[in-house]
Structure formats: structure tokens, C-alpha cells
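Chemist: One structure is given below, represented as C-alpha cells, and several questions about it will come after.
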Amino acid sequence: MELFWTFLKIGLFSIGGGYAIIPLIQEQVVHQQGWLSEKVFADIITISQMTPGPIAVNTSTFVGMQINGVLGAVVATIGCILGGCVISISMYQFFQQHQESIYVAAALKSLKASSVGLIMSAGFTILLLTFFGTSELSRDLFAHFDWQSALLFAAALVILRKFKPNPIILMCLAGFIGFLIY
Amino acid sequence: MTKLKLYSWLAGINLFISAFTFGGGYVVVPMIRKYYVEKKALFTNDELMEMAAVAQSSPGAIAINLSVLAGKKAAGMLGVFIGAICSIIPPLVILGFISNWYAAFAANHTIMAILKGMQACVTALIIDIVIDMYQLIRQEHSSLLNALVPLAFIANVFFNLNVIYILVISIGICLLHTYYQQRKEV
Numbered sequence: 001m002e003l004f005w006t007f008l009k010i011g012l013f014s015i016g017g018g019y020a021i022i023p024l025i026q027e028q029v030v031h032q033q034g035w036l037s038e039k040v041f042a043d044i045i046t047i048s049q050m051t052p053g054p055i056a057v058n059t060s061t062f063v064g065m066q067i068n069g070v071l072g073a074v075v076a077t078i079g080c081i082l083g084g085c086v087i088s089i090s091m092y093q094f095f096q097q098h099q100e101s102i103y104v105a106a107a108l109k110s111l112k113a114s115s116v117g118l119i120m121s122a123g124f125t126i127l128l129l130t131f132f133g134t135s136e137l138s139r140d141l142f143a144h145f146d147w148q149s150a151l152l153f154a155a156a157l158v159i160l161r162k163f164k165p166n167p168i169i170l171m172c173l174a175g176f177i178g179f180l181i182y
Numbered sequence: 001m002t003k004l005k006l007y008s009w010l011a012g013i014n015l016f017i018s019a020f021t022f023g024g025g026y027v028v029v030p031m032i033r034k035y036y037v038e039k040k041a042l043f044t045n046d047e048l049m050e051m052a053a054v055a056q057s058s059p060g061a062i063a064i065n066l067s068v069l070a071g072k073k074a075a076g077m078l079g080v081f082i083g084a085i086c087s088i089i090p091p092l093v094i095l096g097f098i099s100n101w102y103a104a105f106a107a108n109h110t111i112m113a114i115l116k117g118m119q120a121c122v123t124a125l126i127i128d129i130v131i132d133m134y135q136l137i138r139q140e141h142s143s144l145l146n147a148l149v150p151l152a153f154i155a156n157v158f159f160n161l162n163v164i165y166i167l168v169i170s171i172g173i174c175l176l177h178t179y180y181q182q183r184k185e186v
């Protein structure tokens, strides 16, 4: 039950997603509840980045698993996604029902525009990670330039813009090339 | 498509997409576009944009929120449950498996090499969808909306402004703009 509430809280306060919510989870799970040590938490973040699925979901699964086995994993994960699902569905319903209102339409348009900006910044972060192996902006950034990854990225982008292939097939292909070159 | 067929397609596609959500969740946007919009025409590109905006502005993971919204659009309330459950099963199962020997997993060179290749591709996918989304915004022919995109980007990347403030401020600006336009017309 404690697991469920903690992760419901984490889910509800993690607006923006991705890397922004790591400190939030850390605060709850490591400092407040003391379920995990700093070391194990750092390992979990590494694993979450390597396995598919959103980081919040992966972390809740992992923490739940460590504390209470499979049941714990399921409970923590459901707690984590419940708030977001309910809120996004209600918000979408609201926008659908009040489409005629110019103010609601304006609000939705502004959300669309700023979301594109935010997804762009997520893209920028992961671009830095791909090119330089770090997401921190610093002076000696270019010392760590990884031209193989940059080339692979450029090739993937050109293929995407030109041929609109299936993204999953392209990802598998890139994984295979990674296996060959790194 | 019969109902049963639609439900099983939804379940399968959600499991599939979720198993390939590397790199923080945004990559589901191009995947949903490929399968729901381009292959099955369950909704339009513009509707996908609205859903992505709502999923991004709600708390929680954008990947899950978007799967749930797409499920609802395609198949109603049952679609919501299919979307939610099927998109958390792959991470649950995979993490369940590796949580016992994750140290060995993290040290494995082959796995790291494959992931690095995939990461380059995920980056390309996100940049690709951002270009397309920005073009859709430009079709509104509103210089205010056009400006909001880079402003949100700069506020987030260079000023580390919290996402919630960015969203609230941009809504505020657009509401004020609409209000003044209304007054001018009257």
C-alpha cells in the first residue's frame, strides 16, 4: 500500500517526463522511504536507460520488485501511471467538449506549440548524449565528439526524411550497425 | 475491422511499441504515427499532435499517456485499458528478468554497442518528428505559435525552467492574445 501511494505521488508530480523526474524519484525512494541505497538507485537509472520503457515506469518496476517481488512491481507500476492516465484522458475530453470555445482552442494550440518546443529540448538532450556521451553543456564538449555515432545519426535522419521507413525496423538496423562498429 | 480484431491489434501493437521505447518515451510519437495514422488511419496527424500535447502536459510518462489516449480514440474505454496494460507489460517483464543480474548486463560490451546504435536512431526519430510537428504548427500561420516553439525550447534547455511554468506561461500568453483580438473585433 505504501508502495502504491508513493508511486502515485511520483506519477502525479512528474510533469515533463524523462530525465527531469529522476531527482523526484530519488527523493522519495532513497531519502524519504529509504527503500534503496544511492548506489542501487544509480544502477537502476543505468538499467532504465538501457531497457525499453519510460524511466518512471522502469524505476517503479525495479523498486517494487526489490521490495515485494512481482506483486510489488505491478502495484508500484500501476500507481505510477494511474494519475497520468486519468488526467490526460480528462484533459483530452475537456478539449474535445469545448472545441467551439475560442479560448479553449487557443489553450490547446499553445500547449501544442510549447510541447513541440519541449520535445525538441528532449531531442536536444539525447542528441548531446549521442554526439558527446554527456548531456551536460560544457566548454570541452567537443573533445568527446563521437563521429561514428554522429554519422549513424545523420544517415538515419536522411533515410527517415527520404523514405519514411518503419521506425522499428530502422532501430533494429541501427542496433545491428552499432554491434558491428563499436 | 471487427471489434475483436481491433482489440487484438491494439494489444499487439502496444506490446510491440512498448518493447522498443528506448531513450525516454518520446519515440512513441513517431511509432504511433506510423501504425495508427499511416497504416490504419484510426486518426489524423493533427489529432495525434493534440494527443501528444495533452500527454506531454499531463503528469506521468508521455509514452503511457499517449498510448492510453490513442487507445481511447481507437477503441473507447476498453482501448484505454488495453493501451495501459499492454504498454507496461514489456518493461515489467524485461526488468523482472534482468533485475537479478543487472550488473553483468550493464557490463556487457555487445549489449552496450547495440544500445549505442539504437540511441543514434532514436535521436534521428525524435528530430524527424519534431521537424514534422513544427511544420504542422507553421500551417496555423500564427507568428505567436511559431515563436512559442523556440521559446519553450530555450526556456527549458538554457534556463532550466520547470516544464509546468513553461506550459502555464504559454497558455497565459495565448489566452491574453485571444482576448485582445476579440476586443479589437468588437
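Sequence lines, in order, name chains A and B. For the first sequence, the working numbering begins at 1 and goes up steadily by one. For the second sequence, the working numbering begins at 1 and goes up steadily by one. Note that the Cβ used here is the ideal one computed from N, Cα and C, for glycine as well.
#1: If you draw a straight line from the C-alpha of B/TYR26 to the C-alpha of B/LYS184, how long is it?
#2: Hey, is B/PHE153's beta-carbon within less than 7 Å of any beta-carbon in chain A?
#3: Which two residues bound the contiguous alpha helix (DSSP H) that contains B/PRO91?
#4: Express the C-alpha separation of B/ILE173 and A/TYR92 in angstroms, rounding to a whole number.
#5: Would you verify that the beta carbon of B/CYS86 is, or is not, closer than 7 Å to some beta carbon of chain A?
#6: Grab the span of the alpha helix (DSSP H) containing A/VAL70 for me, first residue to last.
#7: Report all residues from its chain with a CB closer than 7 Å to the CB of A/PHE153; omit the five preceding and five following residues, and keep chain order.
#8: Check the Cβ of A/ASN166 against every Cβ in chain B and list those closer than 8 Å, keeping chain order.
#9: Whose C-alpha, out of B/ILE154, B/ASN108 and B/GLN56, is nearest the C-alpha of A/SER14?
#10: For B/PRO59, which residues does DSSP report across the bridge?
#11: Below 8 Å CB to CB, which residues in the same chain sit around A/GLN49 once its five sequence neighbours on both sides are set aside?
#12: Can you name the residues of chain A whose CB is closer than 8 Å to the CB of B/TYR165?
#13: So is B/PRO30 buried or exposed if we call it buried at 16+ other beta carbons inside 10 Å?
#14: Given that a residue counts as buried once 16 or more other Cβ atoms are within 10 Å of its Cβ, and exposed if not, what is B/ASP128?
#15: At the level of alpha carbons, what is the spacing between A/GLY53 and B/VAL186?
#16: If we ignore side chains and look at the alpha-carbon of each, how far apart do A/LEU71 and B/ASN146 end up?
#17: Taking only beta carbons into account, state which residues of the region 51 to 70 of chain A come closer than 8 Å to chain B, listed in chain order.
#18: Going by other Cβ atoms of all chains shown within 10 Å of its Cβ, with 16 needed for buried, is B/PHE97 buried or exposed?
Modeler: Taking the structure as given:
#1: Position 26 of the second sequence, counting from 1, holds the residue named residue 26 of chain B. Position 184 of the second sequence, counting from 1, holds the residue named residue 184 of chain B. So the two alpha carbons sit approximately 40 Å from each other.
#2: Reading the second sequence from its first residue, position 153 is the one you call residue 153 of chain B. By this cut-off, B/PHE153 is an interface position.
#3: The sequence position of residue 91 of chain B within the second sequence is 91, counting from 1. That run of the alpha helix (DSSP H) goes 62 to 98.
#4: Counting from one through the first sequence, the residue named residue 92 of chain A turns up at place 92. Counting from one through the second sequence, the residue named residue 173 of chain B turns up at place 173. Cα-Cα distance, rounded: 21 Å.
#5: Translated into the one-based positions of the second sequence, residue 86 of chain B becomes position 86. For B/CYS86, not one C-beta of chain A is nearer than 7 Å to its own C-beta.
#6: Along the first sequence, one-based indexing puts residue 70 of chain A at 70. For A/VAL70, the enclosing alpha helix (DSSP H) stretches over residues 55 to 97.
#7: Numbered from 1 along the first sequence, position 153 holds the residue referred to as residue 153 of chain A. Excluding sequence neighbours, A/PHE153 sits near THR130.
#8: Locating residue 166 of chain A in the first sequence gives position 166, counting from the first residue. Ordered by position in chain B, the residues that pass the 8 Å Cβ test against A/ASN166 are LYS34.
#9: Locating residue 14 of chain A in the first sequence gives position 14, counting from the first residue. Per the C-alpha coordinates, the member of B/ILE154, B/ASN108 and B/GLN56 positioned closest to A/SER14 is B/GLN56.
#10: Stepping through the second sequence from its first residue, residue 59 of chain B is reached at position 59. Here B/PRO59 is bridged, per DSSP, to A/ILE15.
#11: Here residue 49 of chain A corresponds to residue number 49 of the first sequence, with the count starting at 1. So the list reads ILE55, once near-sequence residues are dropped.
#12: Indexing the second sequence from 1 puts residue 165 of chain B at position 165. The premise fails here: B/TYR165 is roughly 10 Å from chain A at the closest Cβ pair, so nothing lies under 8 Å.
#13: In the second sequence, residue 30 of chain B corresponds to position 30, counting from 1. A residue is called buried once 16 or more other Cβ atoms fall within 10 Å of its Cβ, and B/PRO30 is buried on that count.
#14: Along the second sequence, read from residue 1 onward, the residue named residue 128 of chain B stands at position 128. Of the other Cβ atoms in all chains shown, 16 or more fall within 10 Å of the Cβ of B/ASP128; this residue is therefore buried.
#15: For the purposes of this step, residue 53 of chain A is taken as residue 53 along the first sequence, with counting starting at 1. For the purposes of this step, residue 186 of chain B is taken as residue 186 along the second sequence, with counting starting at 1. Taking the straight line from one Cα to the other gives about 51 Å.
#16: Within the first sequence, the letter at position 71 stands for residue 71 of chain A. Within the second sequence, the letter at position 146 stands for residue 146 of chain B. Their backbone Cα atoms lie some 47 Å apart in a straight line.
#17: Cβ contacts with chain B: THR51, PRO52, GLY53, PRO54, ILE55, ALA56, VAL57, ASN58, THR61, PHE62, MET65, GLN66 and VAL70.
#18: Taking the second sequence and counting its residues from 1, the one referred to as residue 97 of chain B is at position 97. Taking all protein chains shown into account, B/PHE97 has fewer than 16 neighbouring C-beta atoms within 10 Å of its C-beta and is therefore exposed.
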